[in-house]
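In this note's numbering, the protein residues as written are 1086 to 1961.
Yeah, the Cβ is synthetic: ideal placement off N, Cα and C, and Gly gets one too.
Remember, predicted model here, so these are calculated numbers, not experimental data.
Inspection log for the structure reproduced underneath, given as structure tokens.
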RNA sequence: GCCCGCUUGAUGGAAUGGUAGACAUACGGGACUUAAAAUCCCGAGGCCGCGAGGCCGUGCUGGUUCAAGUCCAGCAGCGGGCACCA
């Protein structure tokens, strides 16, 4: 969903193609196409606002049009479709739309490699994938389809950007960015892998550029606090977002700087979360990108070289981990704000981040591991100012002490605990005006400029006199020029001969268009709003429609978007609120993150990967089809082109049908966990479809006009009970996203139906009712088969319009219960008793059992525990 | 390093503290068939026993409880997220 790194490969036919359809077989090819046409002709899934009718907005993360759908899509959209069809049947007014996250890098790569224009490539992919999605039989309202690369879509996001700009939520700033020196472009963090550009493999550099940013930090606290109220989000995602926002309490402290002669060199502000350890300071460290360092470097070639070094390494996590702490001693001294007679040396250091806090820290080696390492390397003093509370002796020279404890060697803080000491020293810093208590966030503003062609143009014009000027609203949308070339690296917009030359809207002098485009995560930050009224031309959406449909009741997608996409969308919603476009805080009421689709991996003796179609299985023996050579079976991993363990959904749908693919996706694995795709599992799902077809069609003729099941007794009553229990259970399972359990219940009900033989009219009525319940219950999962069976039973109307079965409470309880009889907690026997029978009766019946008598051996029990309708435990 | 999650038959997985292994897949046996496929029936956690039956069993070690896969403490393994964030 959204953007992914690579498109899946196309895989050829399954080795185990089902035999041709005979007369007794369910012909899925003909049937699925027919019902898809029926739904479309009837407009079954078209959504329309009906004020007063409860709505339900189901949304799956829309796909990037990479070329073909893959199994991840099939799983995601199947889950969403189950929810959507279920809610429809429950009487909700359901909105279930689909669109395309259509801007992005792969289109430009295709343009470079295949000499095809990004727009052409994208729209062709959309056409292909739309056909594929339609073959899945999803209950989508295609009339609301949206592609983010369409000017009628992105013009609104340009307008919203201008609104944000006016409101101070968008701004330009100089920032250090990841620069790919081969492609001459900025890369997003996620496009930097192990410190190298993902496309070129060139080591990424840090470069200072003026770029557009969105002020997401303005909402940092709100974004964090509101996470607590998202109780239908996975705990894990909320936690990840909270960590990402990274709120920490601390203090900013000013230190006076002097040079070696004692002359004033201004002040230096640092941020710390441990102001309590201020008396343990033994050095100051500045980021190599800090302005003070830049000033000094102008006259110091050696420092310049140091700064250069830091810039080149620096970005990759792997590098950072192994990189040694490096410092460069600056010709400065810092005066301790609370010990006026003491100074500490000042370093530029490679481990201090310019982007966090003030880009400067004080080093307290005694109580910070990084500072400890740095102090040891440069022979700086290591002072202990916190001691273990239990009085244990520690060697502060050997290792930093970072736990809670009691302050020592710290004047007025001595004897206080860490938390108390923090409060006390912040108060003192504020009194003496050398610092303030502050809250710091790890979250940074969202850098949205990209030096790309295939993205939404940023609607700004740069004038030498007026600076950055908004494009006037009447000139929106700013569209992309078609005549561009991709034969050279860099941004085709920037080198286009005419596109960027425009007069300044303010003063009329020649000026230049902004040639950067937006990060594509902007496109996906509000598409769910657009779906509520996609046809509106003069606004991003109709206010009334939006108010009716939003928020999304159930959002479903991959956990890989736990932070970026979901956080950006939460921000965009708030930014819209801020400029008066909407009055909502949160876009997604419920969120579900589905697991990945995995498959075994296969390798030949020479180590090359093999596709599932290149191998052959004989029991435990796995060989290569072409030459019979032995194949090593590897563990199951996420389907990926590079490991060749990809199965093409198109092929599966062609060979087995959409319902089989859907059924298999839902069975066995819990939806949030990874699913292992197996050929045997698909074949099993396919056999079950056939079995259901036989189950119903063999009985249908006999059931026409079957009467009332109310008089059912004995086996017929038991059958009805099974049906109603299944109805209640499946409903609860779907609502709880336990699709695998719902599937198991349906298997059970099918087994029960199979074992039932109707002998009289009442039996036939009970069987008919059971089959109708059963067909309705499988409807959300295997909609084509269910429609066909529904018709087979004689219905002339669509199952998709039929209401969900209501479980009769009277049929959900049995007259008798089977309870376990334990001795000392170990099962000895079971006992069939009337429901809710008296404790004494249960105890008496249990003690009379031969198994129990034998165990007691004539002795009286020590104690008997009776849990009504559950268990009798006899303690001896 | 920090944070989070997971660990149950051959496999995917069920199980409000109350009959562990529902359901499925794979497997074995049988029926049908000239044969196969398909279909149908039966079996199946491990060990002991002819059998009736018994003992053991949810990563490991303890604890709470009449009763623990489930709760608590500690440990191990696997997976995920973040990571010089001061």
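Which residues DSSP lists as bridging residue i, in chain order
{"i": "residue 1037", "result": "The question about residue 1037 has no answer here: the residues shown for the chain are numbered 1086 through 1961."}
{"i": "residue 1210", "result": "Paired residue(s): none; residue 1210 is not in a bridge."}
{"i": "residue 1679", "result": "1643"}
{"i": "residue 1911", "result": "1908"}
{"i": "residue 1333", "result": "1525"}
{"i": "residue 1588", "result": "1595"}
{"i": "residue 1809", "result": "Partner(s): none; residue 1809 has no beta bridge."}
{"i": "residue 1959", "result": "1908, 1949"}
{"i": "residue 1356", "result": "1337"}
{"i": "residue 1545", "result": "1555"}
{"i": "residue 1432", "result": "1370, 1414"}
Nearest-angstrom Cβ-Cβ length linking residue i and residue j, presumed shorter than 8 Å
{"i": "residue 1917", "j": "residue 1949", "result": "Contact doesn't hold; Cβ gap of about 19 Å is too wide."}
{"i": "residue 1410", "j": "residue 1462", "result": "6 Å"}
{"i": "residue 1494", "j": "residue 1536", "result": "With a Cβ gap of about 53 Å, residue 1494 and residue 1536 do not count as contacting."}
{"i": "residue 1902", "j": "residue 1920", "result": "5 Å"}
{"i": "residue 1834", "j": "residue 1808", "result": "7 Å"}
{"i": "residue 1526", "j": "residue 1302", "result": "6 Å"}
{"i": "residue 1788", "j": "residue 1853", "result": "4 Å"}
{"i": "residue 1431", "j": "residue 1498", "result": "That belief does not hold up - the Cβ atoms of residue 1431 and residue 1498 are roughly 24 Å apart, past 8 Å."}
{"i": "residue 1745", "j": "residue 1767", "result": "7 Å"}
{"i": "residue 1611", "j": "residue 1588", "result": "That belief does not hold up - the Cβ atoms of residue 1611 and residue 1588 are roughly 31 Å apart, past 8 Å."}
{"i": "residue 1272", "j": "residue 1282", "result": "6 Å"}
{"i": "residue 1762", "j": "residue 1682", "result": "6 Å"}
{"i": "residue 1467", "j": "residue 1367", "result": "7 Å"}
{"i": "residue 1116", "j": "residue 1185", "result": "That pair is no contact at about 29 Å."}
{"i": "residue 1335", "j": "residue 1358", "result": "4 Å"}
{"i": "residue 1460", "j": "residue 1476", "result": "Not quite, the Cβ-Cβ distance comes to about 25 Å (not below 8 Å), so this is no contact."}
Neighbourhood of residue i by C-beta distance below 7 Å, restricted to the same chain and skipping five residues each side
{"i": "residue 1382", "result": "1388, 1389, 1392"}
{"i": "residue 1584", "result": "1566, 1578, 1598"}
{"i": "residue 1406", "result": "Bear in mind that the predicted position of residue 1406 carries a pLDDT of just 49, short of 50, making it too unreliable to give a figure here."}
{"i": "residue 1169", "result": "1143, 1179, 1181, 1224"}
Environment of residue i [buried if 16+ CB atoms lie within 10 Å]
{"i": "residue 1827", "result": "buried"}
{"i": "residue 1474", "result": "exposed"}
{"i": "residue 1592", "result": "exposed"}
{"i": "residue 1955", "result": "exposed"}
{"i": "residue 1159", "result": "buried"}
{"i": "residue 1650", "result": "buried"}
{"i": "residue 1135", "result": "exposed"}
{"i": "residue 1909", "result": "exposed"}
{"i": "residue 1157", "result": "buried"}
{"i": "residue 1729", "result": "buried"}
{"i": "residue 1891", "result": "exposed"}
Sequence-distant residues of its chain with Cβ nearer than 6 Å to residue i (five each side left out)
{"i": "residue 1329", "result": "1648"}
{"i": "residue 1851", "result": "1794, 1797, 1801, 1804, 1805"}
{"i": "residue 1874", "result": "1781, 1860"}
{"i": "residue 1194", "result": "none"}
{"i": "residue 1667", "result": "1661"}
{"i": "residue 1166", "result": "1223, 1224"}
{"i": "residue 1268", "result": "1285, 1574"}
{"i": "residue 1858", "result": "1808, 1812, 1890"}
Contacting residues, own chain, Cβ-Cβ under 8 Å from residue i (five flanking each side not counted)
{"i": "residue 1846", "result": "1791, 1792"}
{"i": "residue 1700", "result": "1687, 1707, 1708, 1709, 1710, 1716"}
{"i": "residue 1428", "result": "1343, 1418, 1419, 1420, 1421"}
{"i": "residue 1307", "result": "1659, 1670"}
Cβ-heavy atom distance, residue i to the ligand ADP, below 7 Å
{"i": "residue 1439", "result": "The model depicted lacks the ligand ADP and carries no ligand whatsoever."}
Write down every uninterrupted run of the beta strand (DSSP E) in the region 1513 to 1542 whose length is 3 residues or greater and which is fully enclosed by it, in chain order. Contiguous beta strand (DSSP E) elements confined to the region 1513 to 1542 occur at 1520 to 1526, taking only those with 3 or more residues.
Please list the segments of the alpha helix (DSSP H) lying wholly inside the region 1832 to 1868, counting only runs of 4 or more residues, in order along the chain. DSSP runs (the alpha helix (DSSP H)) wholly in the region 1832 to 1868: 1846 to 1863.
Alpha helix (DSSP H) runs wholly inside the region 1595 to 1675, at least 4 long, in chain order: Look at the region 1595 to 1675 and you find these whole runs of alpha helix (DSSP H), each 4 residues long or longer: 1612 to 1615, 1628 to 1634, 1649 to 1663.
Tell me the start and end of each unbroken alpha helix (DSSP H) in the region 1251 to 1323 that is at least 4 residues and wholly inside, in chain order. Fully enclosed alpha helix (DSSP H) runs of 4 or longer: 1305 to 1310.
Any beta strand (DSSP E) of 3 or more consecutive residues that is wholly inside the region 1441 to 1527: If we require 3 residues or more, the beta strand (DSSP E) runs fully inside the region 1441 to 1527 come out as 1445 to 1448, 1520 to 1526.
Whole runs of the alpha helix (DSSP H) within the region 1358 to 1401, excluding any shorter than 4 residues: Correct list: 1376 to 1382, 1386 to 1397.
At 3 residues or longer, and completely inside the region 1144 to 1184: list those beta strand (DSSP E) runs for me, N to C. Annotation: the region 1144 to 1184 contains the following complete segments of the beta strand (DSSP E) (minimum length 3 residues), in chain order: 1178 to 1180.
Which runs of the beta strand (DSSP E) spanning at least 3 residues fall entirely within the region 1698 to 1722, listed in chain order? The qualifying runs are 1700 to 1703, 1706 to 1709.
In chain order, what are the residue ranges of uninterrupted alpha helix (DSSP H) at least 4 long that sit wholly in the region 1910 to 1942? Listed in chain order, they are 1924 to 1932, 1935 to 1941.
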